[in-house]
Structure formats: C-alpha cells, structure tokens
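Take a look at the structure below.
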C-alpha cells in the first residue's frame, strides 16, 4: 500500500483551514496546518510535506509569498510543490506567486473538485505520485 501524502496548509482563517483539511483527509491525505507564515515555515522545515497549500495574506512577519521564497531557498525543500490559495485575483498577484516560486495559484473560494485536481496536477508536474 502506498504511503499517504502529507499536505501542509498555511491559512489564518480557521474556517477555511478546517474546511480544506476535512476535504483533504476525506480524500486520503495526511494534513498538518499552521495559522501564520512563521509557524508554516517551521512545519515545512521539520515535516518536509509533499505539498504546501498557502494563503498570501498571513499575519506576522512572513506573508505567503515570503514563505514560498523561503521554502524555495531551503536545502531539501527546493522542489516541494507549492499551491497558493488566495483571495487576491489580479494578474499581478498571479505573477508575484510565480516569481516567488509557487507552482500554481488558485483564487478563493475554490470548489472541492478544482482544489483536488490542482493538487493532483501540481504533484504530478513535480514528479510526486498522488494518492
């Protein structure tokens, strides 16, 4: 039996975080979560998740784009797939996500099927076998 993939969610809204977590657990993933960029980066370093889902607008010193940059700059995490989930929906926001290292960018709210499909595609494109 293949191992379960671990997804790190970095999202400050508890409602959104819990909703996404429930969807992912029901879809067969292990899920860890953080409420801000600093905690999220610490979890990424300590847990080496298979993919990171991250909001751009986070409280604290590190916003989501800064966390993307730090993940891309951290030895052993450089190839970790990153999927941005944000309410920011301008072309400049998408470009910033790409510039800071995100593999994909979805705007919130996002439906279950779209979220799961984008996770699958990002994992596939990075050579990680999806659940």
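In our numbering, the protein residues as written are 4 to 134.
Beta carbons are placed, not taken as given, at the ideal position from N, Cα and C, and that holds for glycine.
Source: prediction; values computed, not measured.
Could you check what DSSP says for residue 77 in three-state terms: helix, strand or coil?
The sequence position of residue 77 within the chain shown is 74, counting from 1. Correct three-state label for residue 77: coil.
Same chain, Cβ closer than 6 angstroms to residue 3, neighbours up to 5 away in sequence not counted
The structure shown has nothing for residue 3, since the chain only spans 4 to 134.
Distance, Cα to Cα, residue 69 vs residue 103?
By one-based count along the chain shown, residue 69 stands at place 66. By one-based count along the chain shown, residue 103 stands at place 100. Looking at the two C-alpha atoms, the distance is approximately 7 angstroms.
What is the C-beta distance between residue 40 and residue 65, in whole angstroms, given that I count them as a contact (C-beta under 8 angstroms)?
Counted from its first residue, the chain shown places residue 40 at position 37. Counted from its first residue, the chain shown places residue 65 at position 62. With 8 angstroms as the limit, residue 40 and residue 65 qualify as a contact, their Cβ atoms being about 3 angstroms apart.
Does the structure place the stretch 92 to 99 close enough to the stretch 114 to 131 that three or more beta carbon pairs sit under 8 angstroms?
A contact between stretches requires three or more CB pairs, one per stretch, nearer than 8 angstroms, and the stretch 114 to 131 fails this requirement with the stretch 92 to 99.
Return the chain-ordered list of same chain residues with a C-beta closer than 6 angstroms to the C-beta of residue 63, the five sequence neighbours on each side being excluded.
By 1-based counting over the chain shown, the position of residue 63 is 60. Once the five neighbours on either side are set aside, the close Cβ partners of residue 63 are 39, 40 and 41.
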